[in-house]
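There are 2 protein chains.
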Amino acid sequence: MHMTAPPRRGFTKAEFERRTARAQAIMQRHGLDALLVTAPPNVRYFTGFDTQFWESPTRPWFVVVPLSGAPIAVIPEIGGPEMATTWLTDIRTWPAPRPEDDGVSLLAQTLAALPRRHGKIGAELGREMSLRMPVIEFLALRERAPGLEFANGSPCLWEIRMVKTEAEIAHLRYICQVASRAYAAVPEFVRAGDTERELCKRFRFEIGKLGADFTPFLPAISGPGGVSQIVCGPHDRALREGDILFIDTGSTYDGYYCDFDRNYAVGRVSDEAKRAHDTVWRATEAGIAAAHPGATPEEVWRAMGKILEEAGSLGNNVGRMGHGLGMQLTEPPSNMPGDRTRLVPGMILTIEPGMEYSPGKMIVHEENLVITEAGPQLLTERAPRELPVIQ
Amino acid sequence: MHMTAPPRRGFTKAEFERRTARAQAIMQRHGLDALLVTAPPNVRYFTGFDTQFWESPTRPWFVVVPLSGAPIAVIPEIGGPEMATTWLTDIRTWPAPRPEDDGVSLLAQTLAALPRRHGKIGAELGREMSLRMPVIEFLALRERAPGLEFANGSPCLWEIRMVKTEAEIAHLRYICQVASRAYAAVPEFVRAGDTERELCKRFRFEIGKLGADFTPFLPAISGPGGVSQIVCGPHDRALREGDILFIDTGSTYDGYYCDFDRNYAVGRVSDEAKRAHDTVWRATEAGIAAAHPGATPEEVWRAMGKILEEAGSLGNNVGRMGHGLGMQLTEPPSNMPGDRTRLVPGMILTIEPGMEYSPGKMIVHEENLVITEAGPQLLTERAPRELPVIQ
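As given, the protein sequences belong to chains G and Y, one line each in that order. Residues 1 to 391 in my numbering are what the first sequence lists, from first letter to last. Residues 1001 to 1391 in my numbering are what the second sequence lists, from first letter to last.
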């Protein structure tokens, strides 16, 4: 696989200006005077500010994106020096933690002083987002901003973030390449008899050496001829002849995730498992082919579902067959019935068909792609049609 | 340092029963008929269920802790097989994602069927917690549970979680030992000229080898004679003669965090920096000594503050001097004015004094301890009084 150099970390001021201008046009269409964001990916999207300190839930952080002009940061003092290194110039801080008023007054003043056109502020109240502040403090903020209505800003935020910029796509391409190389090396450093937990530790080292910053998501699950679930693990189970080893990873580079899995045969697996593997591989092909501009995630789902059903799938417990991807492990849209989002160039999709071919034996594949004018373009090195073997 | 073997992963059914019984007594005092929890540490606390899949914000997960009896899980189908391996027996699932009703009806039914005594459900609405579900879906739930009031359950949850069990303390002790060993090895694998980013990568490998599962928090920051902030980084800055290198880590073992830092001199540092280092070291001693049962975090703060002020501290931008620790990197209480939580055996504190001794030059120390009947007991290997030197 052709391996490109890691893209430059961070994004230019021009990029943030373009993101903000595009966001403001979308906000205008949604009838919002501002977006209030609190969640790390949203703060990063508009400011470039990042910190592992998000792990501490003590202090809320706020960024206000007005209908015109640059975003305003309303943040704990501890973050002031670093926020000053971003493209933002309007940075307001308070001495946090301050339990009796942790930024709420300062934020209310900031919002109250914004020009009003629609009288509505969009907050992260809707699907696939959590508000990163205590709900009682959000409700108090609502009381303290008379004449301002807080609306569900999530659909607007997802419309903004769902279409990636060239620089974002370069980040995603890179981490997908890194993970593809780590997966290719698995048969070199995993042996029958290893426990899931041990092999995960080695995988984590390997993908770190190859260029990943973090690996927040790395379930490895094994079972005779397939697995019963794909999100919990690793456990201390040792690999045995006839197992399928399933590994999935959401690893990041500079804040952008890959999210795809790979399957391995431990020694010889049953013909039934091989047939199911081949079916899911073909379903993946169909899903990739269906992900062209103008199609919908529902159509992508149908293309995969048809092949799985014809092969006698008992279904699976994942609930959908792929999703958006970017600064979160999973983002809208969802490849499932009812999602009629129109796919456009710059969107990222995971193609993730799965089938239970026998009770408790599930096989799930996954690839990541970007929608381009010319059609779907894989970001991952396509999984081999034959199961790679672990000795 | 005496290194104990890693404690057994997970907790016994008897432990969960004890946790639940104690929680129910506290709930009774708070006038709550149930706790509704959505956040990973709270779900883990009551069930033992864990998954890295929390990284995906698409699906909410719910656990209901009633006033008597075992907790009830109301979760996406994808988590059913693993939840069935916990001590819970009442597990209700729905085929998620289902945007039009992602568990809300099932949860509303579950809550409505609980016996009523106080008419109140405690939810994660307050400080140092986020509700891990869309706020609009929480508000919809409120509408759909007539006769049930949702109260701020965070104070009750913190009262429950703030005092750790013996088994939790064993987990915390172990990860603190692992991190202590990793810090001790830093002068062996870091050299002047290394960038912060490179040395973090090595530290991450090292602490993983020594026994940490994950390292979600690892800022490394360097600066001539001190640092201007302690939560953002690493950056690409290379270590230079006269720098102080500050490393902090929140690494985990089986879901429990350490959180402490260490400082290193790169070659020779100024006498002024050495004096400040010594002051902060002595403030740490005072903080540790003050953390006895019956004292308050405010008193612990005062003990440290006195020494820093006498030495002419310009303050610092951290806002407090230590906090609780457990399944989160930071938990209540806070070592700061106004926090009059009574310290009792089983509580964990970080002792974290810091001073800016010259503009932009801050030195911050940190240790972790457990409050015991006999007084404070360090979990970390105490930082050396003399700055270790990196060549």
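Where is the CB? At the ideal position from N, CA and C, for every residue including glycine.
C-alpha gap between residue i and residue j, whole angstroms
i	j	result
G/P384	G/I307	18 angstroms
Y/L1106	Y/G1010	28 angstroms
G/L387	G/A276	11 angstroms
Y/N1241	Y/T1195	The sequence given here places Glu at residue 1241 of chain Y; Asn does not occur at that position. Straight-line Cα distance between these residues: approximately 13 angstroms.
G/P234	Y/A1303	44 angstroms
G/T165	G/G346	7 angstroms
G/E299	G/Y174	28 angstroms
G/G122	G/D50	22 angstroms
G/I230	Y/W1054	13 angstroms
G/R202	Y/F1150	45 angstroms
G/T93	G/K274	59 angstroms
Y/G1208	G/N152	41 angstroms
G/A374	G/H292	8 angstroms
G/F138	G/I244	47 angstroms
G/T341	G/T372	16 angstroms
G/A192	G/V186	12 angstroms
Same chain only: Cβ atoms within 8 angstroms of residue i, ignoring 5 sequence neighbours per side
i	result
Y/E1128	S1154, W1158, Q1328, T1330, E1331 and P1332
G/P134	P60
Y/N1316	G1354, M1355, E1356, M1362 and V1364
Y/A1289	A1303 and P1376
Cβ-Cβ separation, residue j to residue i (assumed contact under 8 angstroms), whole Å
i	j	result
G/D33	G/L67	5 angstroms
Y/V1280	Y/M1355	6 angstroms
G/L199	G/V178	That pair is no contact at about 18 angstroms.
Y/D1248	Y/P1219	5 angstroms
G/A283	G/P337	Not confirmed; about 16 angstroms, so no contact.
G/V65	G/T20	7 angstroms
Y/Y1183	Y/P1006	So it is not a contact: roughly 18 angstroms between Cβ atoms.
Residues near residue i in its chain [Cβ-Cβ closer than 7 angstroms; skip 5 each side]
i	result
G/A108	L141, R144 and A145
G/N368	C176, C258, D259, F260, L325, I348, T350, L379 and T380
G/S334	P297, R320 and H323
G/R237	T195, E196 and S222
G/T58	P97
Y/G1250	P1216, F1217, Y1257, C1258, D1259 and L1329
6 angstroms CB neighbourhood of residue i in its chain, flanking five on each side removed
i	result
Y/V1389	A1265
G/D278	none
Y/V1190	L1199 and I1390
Y/A1311	T1279
Residue i - DSSP class collapsed to helix/strand/coil
i	result
Y/T1330	coil
Y/P1376	strand
Y/W1158	helix
G/V280	helix
Y/P1007	coil
G/L199	helix
Y/I1363	strand
G/H118	coil
G/E55	helix
Y/L1106	helix
G/R22	helix
G/L394	With chain G covering 1 to 391 only, the question about residue 394 of chain G has no answer from this structure.
G/I72	strand
Y/A1151	strand
Y/I1091	strand
G/G79	helix
Y/N1042	helix
Y/V1269	coil
Y/M1355	strand
G/V318	coil
G/M27	helix
Chain-ordered chain B contacts of residue i [CB-CB under 8 angstroms]
i	result
G/P97	Within the model displayed, chain B is absent; protein chains G and Y are what it includes.
beta-carbon residue i near the ligand FMN non-hydrogen atom, thresh 6 angstroms
i	result
Y/I1078	Of the ligands one can find in the structure shown there are none, so the ligand FMN has no counterpart to examine.
Residues in the segment 150–175 of chain G having any Cβ partner in chain Y nearer than 9 angstroms
N152 and S154
Which of the residues in the segment 308–320 of chain G, read from start to end, lie with their CB under 7 angstroms from any CB of chain Y?
N317, V318, G319 and R320
Given a limit of 9 angstroms on CB to CB distance, which residues of the segment 1117–1148 of chain Y reach chain G?
A1123, E1124, L1125, G1126, R1127, E1128, M1129, S1130, L1131, R1132, M1133, P1134, V1135, I1136, E1137, F1138 and L1139
With 8 angstroms as the limit, tell me which residues of the segment 1326–1338 of chain Y have their beta carbon closer than that to any beta carbon of chain G; keep them in chain order.
Q1328, L1329, T1330, S1334, M1336 and G1338
Interfacial residues, the segment 1072–1086 of chain Y to chain G, with Cβ spacing under 8 angstroms:
P1076, E1077, I1078, G1079, G1080, P1081 and E1082
Please name the residues in the segment 209–243 of chain G whose beta-carbon is closer than 7 angstroms to at least one beta-carbon of chain Y, in chain order.
P216, F217, L218, P219, S228, Q229, V231 and C232
What are the residues in the segment 1250–1262 of chain Y lying within 7 angstroms of chain G by C-beta distance?
G1250
Taking beta-carbon pairs under 7 angstroms, can you tell me which members of the segment 1045–1063 of chain Y lie near chain G?
T1051, Q1052, F1053, E1055, S1056, P1057 and T1058
Looking at chain Y, which residues of the segment 178–208 of chain G have a Cβ within less than 8 angstroms of any of its Cβ atoms?
K201, R204, F205 and G208
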